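J.: With my numbering as the guide, the letters of the sequence shown map in order to residues 6 to 230.
Heads up, the beta-carbon is just placed ideally off N, CA and C, and yes, glycines get one too.
As the structure is a prediction and not an experimental result, all values here were calculated from the model.
This is the structure, below, for whatever I ask next.
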Amino acid sequence: MSIGQERLRILCLHGGRSNSIVVSLQVSGFVQAFGPAAEFVELDGPFPASGPPEEDILNLFGEDDSYFEWWDANSHTDKAYPGWERSVEYLQREIATQGPFDVIIGFSQGAMMATLATAHYMEKHSVPYKAIVLVCGMWPQDGMPDMYSAASPGKPQLAFPSFHIMGEKDFMYEESKAQVDYFSEATRHVYSHSQGHRFPPLPQYKDMYKEIAQKIRSVCARPLE
Numbered sequence: 006m007s008i009g010q011e012r013l014r015i016l017c018l019h020g021g022r023s024n025s026i027v028v029s030l031q032v033s034g035f036v037q038a039f040g041p042a043a044e045f046v047e048l049d050g051p052f053p054a055s056g057p058p059e060e061d062i063l064n065l066f067g068e069d070d071s072y073f074e075w076w077d078a079n080s081h082t083d084k085a086y087p088g089w090e091r092s093v094e095y096l097q098r099e100i101a102t103q104g105p106f107d108v109i110i111g112f113s114q115g116a117m118m119a120t121l122a123t124a125h126y127m128e129k130h131s132v133p134y135k136a137i138v139l140v141c142g143m144w145p146q147d148g149m150p151d152m153y154s155a156a157s158p159g160k161p162q163l164a165f166p167s168f169h170i171m172g173e174k175d176f177m178y179e180e181s182k183a184q185v186d187y188f189s190e191a192t193r194h195v196y197s198h199s200q201g202h203r204f205p206p207l208p209q210y211k212d213m214y215k216e217i218a219q220k221i222r223s224v225c226a227r228p229l230e
C-alpha cells in the first residue's frame, strides 16, 4: 500500500446465532487477500440468539460465549422476520457512527441483512458504501421496500455493486442462485465454491479471494498495491 493511501473499511455481518468473533475468523480469506490495504470491522446483531448456534460454532467457541442474530428465524424458509425493522435502524445507526465504510460483507442471515439495508438506503437514493459481498445468502422474504418486493418479479432489480458467493453443497444453494436475479446484471459478480454453508476455504480458493479483492478495489476506485 502506498504511503498516504487510505485503507478500505469493510464492515462484516455475522450469520444468525453467531457473533462478531466468529465472522472475524470466517473472513480470513479476505483479510489475506487485501492485506494492509483494508481494515475489517465486525458488528454483533442487536438481538440475543433465540436458540443454540450451529454445531460447528459450538464446538469451536462453546456454550458460554454470547451469540446474536438479526431477527428470530427457525428456518431459511421463514417468510416473516420479526425484528427486522429494529435491525435495519440499528445497522444504519452503527454505519453512521462507526463509518464511513466502503464495503459490507455479510454471511447467511448477515448477507440478507446487508441486502435489506442496501435496499432501504436505495429507496432514499443514497447508499453510504460502495459494494456488498453476500456469502451464502438469499433474497429477503420480509422487510424489503415495495419497489424491490420478491413477490413481484416485474419490480426493478437492485442496481448496486454486489458480489455473490455460493456453496454448491449449501442447503441454501438454490435460494442463493435465485437471489442473483434480483440484482442488476451490470453490477453483479457471481462466484461459487464446491463446499457447503461456509466461506470458500483456504488455500483452495485463495485466487478467488484475490480476484474479488481486485474487483472491489476497482469498484471503490482504489488500486490494490
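Which residue or residues does DSSP assign as beta-bridge partners of Ala43?
T.: Paired residues: Leu13.
J.: Nearest CA to the CA of Met152: which residue from Phe188, Met171, Pro208 and Leu139?
T.: The candidate whose alpha carbon is nearest that of Met152 is Phe188.
J.: Consult DSSP for Arg22 and reduce its assignment to one of helix, strand or coil.
T.: Residue state, collapsed to three classes: coil.
J.: Locate the alpha helix (DSSP H) running through Phe188, then write down its first and last residues.
T.: Note, Phe188: premise wrong, no alpha helix (DSSP H); not H, not E.
J.: If we ignore side chains and look at the alpha-carbon of each, how far apart do His19 and Glu59 end up?
T.: Each residue's alpha carbon lies about 13 Å from the other.
J.: What is the rounded straight-line gap between the Cα of Ala116 and the Cα of Glu68?
T.: Each residue's alpha carbon lies about 24 Å from the other.
J.: Can you name the residues that DSSP bridges to Val138?
T.: For Val138, which the question treats as bridged, DSSP gives the partners Ile110 and Phe168.
J.: Quick one: using the 10 Å Cβ neighbour count with 16 as the cut-off for buried, is Phe45 buried or exposed?
T.: With 16 or more other Cβ atoms within 10 Å, it is buried.
J.: Can you list, in chain order, the residues of its chain whose CB lies under 7 Å from that of Glu99, leaving out five sequence neighbours each side?
T.: Correct list, in chain order: Leu48.
J.: For Leu163 and Gly142, what's the separation of their Cα atoms in angstroms?
T.: So the alpha carbons of these two residues sit roughly 15 Å apart.
J.: Could you give the first and the last residue of the continuous alpha helix (DSSP H) run that contains Arg68?
T.: Strictly speaking, residue 68 in this sequence is Glu, with Arg absent from that position. Run containing Glu68: none; DSSP gives neither H nor E here.
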